[in-house]
Amino acid sequence: MLFDTAYLPVIGAAVISLIAWFSVSLRKKWLIPPGPRGWPLIGNIFDLPKRESWKAYLECLDSDIVSMKLAGTQFIILNSAKSIQDLLIKRSNMYSERYGRSRTHLHSLDCIETTWLIVFMQNNDRWKLHRHLFRREFDNPEASVVNKKHALEASRRLINRLLTSKDHEGELRLAAVDSILSLTYGITPTNFEHPFIKVTGEVNEIFADVARGSYLVDILPFLRHLPTWLPGTKFHEIGARGRRLARDVVLGPYNEIQAQVAKGTAVQSVASRFISSLQDGEKMQSGEVDAMRNVLANAYLAGSDTSICVLYNFVLAMALHPEVQKKAQSSLDELLRSERLPDFSDFERLPYLAAVVNEVFRWHPVTPFAVYHVSTQDDFYNDYHIPKGSIIVPNAWAMLHDESLFGPDTEKFVPERFVKPDGTISYDISAVDMVFGYGRRACPGRVIARDTVWMMAASMLTAYDIVDPIDRAGNRLTADTPLEYTNAMVRYVLAL
Numbered sequence: 001m002l003f004d005t006a007y008l009p010v011i012g013a014a015v016i017s018l019i020a021w022f023s024v025s026l027r028k029k030w031l032i033p034p035g036p037r038g039w040p041l042i043g044n045i046f047d048l049p050k051r052e053s054w055k056a057y058l059e060c061l062d063s064d065i066v067s068m069k070l071a072g073t074q075f076i077i078l079n080s081a082k083s084i085q086d087l088l089i090k091r092s093n094m095y096s097e098r099y100g101r102s103r104t105h106l107h108s109l110d111c112i113e114t115t116w117l118i119v120f121m122q123n124n125d126r127w128k129l130h131r132h133l134f135r136r137e138f139d140n141p142e143a144s145v146v147n148k149k150h151a152l153e154a155s156r157r158l159i160n161r162l163l164t165s166k167d168h169e170g171e172l173r174l175a176a177v178d179s180i181l182s183l184t185y186g187i188t189p190t191n192f193e194h195p196f197i198k199v200t201g202e203v204n205e206i207f208a209d210v211a212r213g214s215y216l217v218d219i220l221p222f223l224r225h226l227p228t229w230l231p232g233t234k235f236h237e238i239g240a241r242g243r244r245l246a247r248d249v250v251l252g253p254y255n256e257i258q259a260q261v262a263k264g265t266a267v268q269s270v271a272s273r274f275i276s277s278l279q280d281g282e283k284m285q286s287g288e289v290d291a292m293r294n295v296l297a298n299a300y301l302a303g304s305d306t307s308i309c310v311l312y313n314f315v316l317a318m319a320l321h322p323e324v325q326k327k328a329q330s331s332l333d334e335l336l337r338s339e340r341l342p343d344f345s346d347f348e349r350l351p352y353l354a355a356v357v358n359e360v361f362r363w364h365p366v367t368p369f370a371v372y373h374v375s376t377q378d379d380f381y382n383d384y385h386i387p388k389g390s391i392i393v394p395n396a397w398a399m400l401h402d403e404s405l406f407g408p409d410t411e412k413f414v415p416e417r418f419v420k421p422d423g424t425i426s427y428d429i430s431a432v433d434m435v436f437g438y439g440r441r442a443c444p445g446r447v448i449a450r451d452t453v454w455m456m457a458a459s460m461l462t463a464y465d466i467v468d469p470i471d472r473a474g475n476r477l478t479a480d481t482p483l484e485y486t487n488a489m490v491r492y493v494l495a496l
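In this text, residue positions in the sequence shown follow full-length UniProt numbering: the first is 1, and each later residue adds one.
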């Protein structure tokens with residue numbers, strides 16, 4: 001016989017085993033990261049957390065990478081510093097893209113027109129030109145010297161205003177706006193009635209509203225094509241107002257400084273220097289003027305909003321932790337001896353204050369989710385398949401509360417986690433720096449932000465004691481009081 005039938009059972013078992021092994025291997029190869037089981041068509045729409053989703057995504061599956069699907073789009077949430085570094089930094093060539101054609105993942109936000117916002121631009125020549133101009137004007141040693149000058153002057157004005165003002169919250173907001181507005185446009189505001197401050201505040205309010213993803217069009221994108229008179233299309237109205245305000249933010253201050261330069265009355269600023277060089281006939285790249293208008297508006301809009309939130313967190317942390325405040329003040333008193341206010345030459349000699357500022361950025365990150373990235377090709381990570389076109393969500397809050405990086409009790413405010421045993425500061429703080437973004441998409445204004453917050457913090461602690469923490473209802477706060485923040489893209493503490 002050519003074939004002995006006695007071997008049939010053995011051969012059959014081998015074939016079945018081979019098929020089973022192949023099936024498991026294939027499933028493993030294309031396994032999507034873990035996540036809640038969704039519904040047909042709508043995906044995980046009913047699984048979206050209503051509040052503090054950055055915590056919910058970490059706690060629900062206890063995984064450093066989680067997936068969800070919304071209206072056919074795959075979302076991958078990265079819940080650890082390692083996954084963020086491995087994908088967004090080490091594989092930045094595959095994860096530096098943004099969503100759609102100069103669009104965000106939120107269709108209601110797109111209705112406002114976000115093509116002028118650098119953070120949402122696609123990875124193309126236009127974005128590279130904007131990034132180049134931003135770094136040329138704001139992210140280099142020469143620009144750092146100029147920014148430090150403005151941050152120092154704004155801090156001095158804050159200290160003087162606090163002597164007589166009872167609106168401490170308002171003075172903090174004004175100080176943050178003062179520093180970046182004077183740097184970009186040479187404008188020193190004395191109150192919030194300045195038109196450029198008012199219009200920027202209105203734009204940020206609209207962004208905060210639509211960024212919550214509470215409009216139905218964000219789940220059912222086809223609604224954006226419906227006429228404005230139909231019910232449920234309020235996003236059209238919001239979008240029209242947002243577009244008008246965005247034009248005012250980009251063109252308003254630029255045109256005013258342009259007129260001042262022509263008259264010879266402009267104060268030295270990034271805008272006035274650029275416009276002067278333009279009027280002197282300096283050769284510009286194609287599209288550079290429009291790009292520079294956008295860069296200036298981006299610097300002012302983003303810089304003021306996030307700095308305000310960080311300063312709020314600093315004041316709150318000092319009020320809730322008087323022992324930390326006294327320790328930082330002691331180091332300042334020992335150095336300054338009540339003879340002067342601090343300046344940037346004191347930075348290296350104040351390691352504990354640097355640790356305090358690092359902890360402020362880490363403790364309650366103002367942007368718990370970084371702006372989303374998009375995968376440009378199929379990829380595999382830890383045996384999971386990340387499909388091309390997936391929206392990658394970096395969970396900054398989870399990363400900054402990773403006990404493997406920052407030690408135990410990450411919910412608590414403990415600056416000592418950044419201090420070495422010999423009392424010097426640990427500069428191995430790459431994870432804290434990642435609060436400003438990742439890889440090619442890291443915020444080029446991070447040095448400005450850190451310098452501004454450090455100087456404001458040093459000045460306030462030198463001149464004042466921050467005491468009596470109470471909420472808006474008059475209730476006293478302690479270090480153990482649960483704190484409430486706005487549920488938005490940029491988080492404001494509601495205790496102040």
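Backbone N, C-alpha and C define an ideal beta-carbon position, used for all residues, glycine too.
- Alpha carbon to alpha carbon, what distance is there between A317 and L183? 28 Å
- Inter-residue spacing [alpha-carbon to alpha-carbon] between G281 and D167: 46 Å
- Can you check whether the CB of A396 is closer than 7 Å to the CB of P365? yes
- Query: Taking Cβ positions, are V357 and A291 nearer each other than 7 Å?
  - Reply: no
- Reference L172; option with closest CA among I466, T481, F196 and F46: I466
- Task: Mind listing, in chain order, the continuous alpha helix (DSSP H) runs of no fewer than 4 residues lying wholly within the segment 366-416?
- Result: 396-400 and 403-406
- Message: Any contact between the segment 299-311 and the segment 445-463? By contact I mean 3 or more CB pairs, one from each, below 8 Å.
- Response: yes
- Item | For N358, three-class secondary structure by DSSP | helix
- Could you pull out every residue in the same chain whose Cβ sits closer than 7 Å to the Cβ of W54, ignoring the five residues on either side in sequence? P368, F369, N395, W397 and A398
- Message: In this structure, how does DSSP classify I448 when only helix, strand and coil are distinguished?
- Response: helix
- Message: Please tell me whether residue 509 and Y95 are closer than 7 Å, where the distance is taken between their beta carbons.
- Response: The structure shown has nothing for residue 509, since the chain only spans 1 to 496.
- Can at least three beta-carbon pairs, one atom from the segment 173-181 and one from the segment 137-154, be found at a separation below 8 Å? yes
- Message: When you compare the CB of K234 with every CB in chain D, is at least one pair closer than 7 Å?
- Response: Looking at the structure shown, chain D is missing, and only one protein chain is on hand.
- Item | Among R440, G72, L58 and D62, the one whose alpha carbon lies nearest that of P387 | G72
- When the Cα atoms are used, what is the spatial distance from F134 to S330? 38 Å
- Message: Let's see if you can read the secondary structure: which residues bound the alpha helix (DSSP H) around M121?
- Response: Element bounds for M121: n/a, residue is neither H nor E.
- Task: Tell me S67's beta-bridge partners as DSSP assigns them.
- Result: I76
- How would you write the range of the alpha helix (DSSP H) that K263 sits in, first residue to last? K234 to K263
- Query: With distances taken between CB atoms, is the gap from P40 to V66 smaller than 7 Å?
  - Reply: no
- Are the CB atoms of R98 and F120 nearer to each other than 7 Å? yes
- Nearest-angstrom Cα distance between H401 and E411? 7 Å
- Message: On the criterion of 16 or more Cβ atoms from any shown chain inside 10 Å, does M284 qualify as buried, or is it exposed?
- Response: exposed
- Item | Residue environment, I308, which counts as buried when at least 16 other CB atoms sit within 10 Å | buried
- Message: If I follow the unbroken alpha helix (DSSP H) through A317, where does it start and stop?
- Response: E288 to L320
- State the start and end residues of the unbroken alpha helix (DSSP H) segment that holds W54. S53 to E59
- Which term fits T478, buried or exposed, when burial requires 16 or more other beta carbons within 10 angstroms of its beta carbon? exposed
- Query: Anyone know if the C-beta pair for W127 and N294 falls short of 7 Å?
  - Reply: no
- Message: Rounded to whole angstroms, what is the Cα-Cα separation between G389 and P415?
- Response: 39 Å
- Helix, strand or coil at R98 [DSSP, three-state]: coil
- Task: State the CB to CB distance for the pair D383 and L31, rounded to an integer number of angstroms; the pair is presumed to be in contact (CB under 8 Å).
- Result: 6 Å
- Item | Segment limits, alpha helix (DSSP H) that includes G170 | H168 to Y185
- Query: So F196 packs on G252, CB below 8 Å; how close in whole Å?
  - Reply: 6 Å
- Task: Pull up the CB-CB distance for N79 and S63, whole angstroms please, since I reckon it's below 8 Å.
- Result: 7 Å
- Query: Among residues of its own chain, excluding the 5 on either side of P469, which ones have a beta-carbon nearer than 6 Å to its beta-carbon?
  - Reply: A319, L320 and L477
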